[in-house]
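Below is one structure, written out as structure tokens; comments come after it.
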Amino acid sequence: MKFSALTGLILGLIVLLGTVSLEAGVLLQEDFTYANGGLNGKNGGTGWNGAWSVGTNGTGTWSVADGTAGVSGDKDTWATRNLATPIISSSLNTFYFSFSLQVTAYSTPTQNIFDVIRFTDSGTNLFMIGAQYTAAYNGYRIRVQTGNGVDTSLTPTSTSTNTPTSVVGKYTFDDGTGKASLTLWINPVNESSTPQLLNYSWTSTAAEFDRLMLQRYNSSGATGSNVTSFDSFLVGTDWTSVTVPEPSTTALLSTVGMASLAMWVRRKR
């Protein structure tokens, strides 16, 4: 089949625009596009070894609702999934990640509850990030706990619901001094212009990332109708592989492509 010059130009434009959204550096992807119901046994996305496995010490559960994974109920509740190919420090010392988090139901708990996404090395925490519901204050905060057990709040206390928060991060196994480092952004514009909410390092011997966990920490059995949901999880080799391109970039490529198409049409007249 022969292609006309117009067909070639259109195909070239499609490829050009496609490169903006399709990044070769993506290592892991999970967008929870499953039928509504329990997360246990769900098996989709990219870069995984097997399906999600869910467990609980109480009535809690991880479920899929409208393309997000959410936790509800009491006691510690977790969902785990192994990587098909662990990210090893000797091969990739720094990786980037992103995900969306939102609280879809809130009430003041009787004790603290911490709903997190955990990055682990054979069960040992590299770091974990999520929503902490506090009994002492009426609200929740997005918090991070690094591998040395230090907690840091990333956002002020809030009671708002159904407001997605985009979290983007960069983790380095060894910064050259025997320490791991973690940099975090909340709702970033780009890597250089958005202020970093966390840039922290600590002594660590972790050498790989091999398992992702979604976990509700609620050992005290705190009660409250709190639901935290996660979505759009990505891990990649660089910033662009885990973030949506800036609108200005996409618009520029679209303008260039359409201008080229218009010039071709004028020449053919």
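So in our numbering, the last spot in the sequence shown is 269, and the numbers never skip.
Here a beta-carbon is modelled for each residue, glycine too, at the ideal position from N, C-alpha and C.
Being a predicted model, the structure only gives us computed values, none of them experimental.
Residue range of the beta strand (DSSP E) that residue i falls in?
i	result
T155	Neither: T155 is in no beta strand (DSSP E) and is coded neither H nor E.
E208	E208 to Y217
K170	T165 to T172
W202	L198 to T203
V103	T94 to A105
Y137	Run containing Y137: none; DSSP gives neither H nor E here.
F271	Look at the range of the chain in this structure, 1 to 269, and you will see that residue 271 is not part of it.
V26	V26 to E30
D121	I113 to D121
L39	It is not in any beta strand (DSSP E) - L39 carries neither H nor E in the DSSP assignment.
W185	K179 to I186
Run the CB neighbour count on residue i, radius 10 Å, all protein chains shown included, and call it buried at 16 or more, exposed below.
i	result
G169	buried
T146	buried
L28	buried
P188	buried
L92	exposed
V54	buried
A131	buried
A136	exposed
T228	buried
G236	buried
S232	buried
V144	buried
V116	buried
Y217	buried
Sort the options by Cα distance to residue i and report the nearest one.
i	options	result
T110	F97, Y96 and Y133	Y133
I88	E208, V242 and R81	E208
G70	N93, G58, N82 and L39	L39
F99	P86, F119 and T177	F119
V103	W202, P164, L212 and L214	P164
S90	F233, D174, N199 and T228	D174
S166	L184, D151 and T152	L184
T124	D210, G176 and S220	D210
Q215	W48, E30 and G60	G60
N190	D66, E30 and S241	S241
A84	S193, F230, L212 and L126	L212
S153	T33, Y200 and N218	Y200
A206	P195, S192, T77 and S122	S122
Quick check: residue i and residue j, are their CB atoms within less than 8 Å of each other?
i	j	result
Y106	T68	no
T56	K75	yes
I113	N226	yes
S63	G37	yes
A79	W52	yes
T243	T172	no
R141	T155	yes
L197	L182	no
A180	S204	yes
N148	W202	yes
D238	G58	no
D31	G45	yes
G50	N82	yes
L234	F97	yes
Comparing the CB of residue i with every heavy atom of the ligand COA, is any distance shorter than 7 Å?
i	result
M213	As far as ligands go, the structure on display features none, and thus does not contain the ligand COA.
(message) Just to confirm the assignment: which complete alpha helix (DSSP H) runs, minimum length 4, are found wholly within the stretch 48–79?
(response) Segments of the alpha helix (DSSP H) lying fully in the stretch 48–79: there are none.
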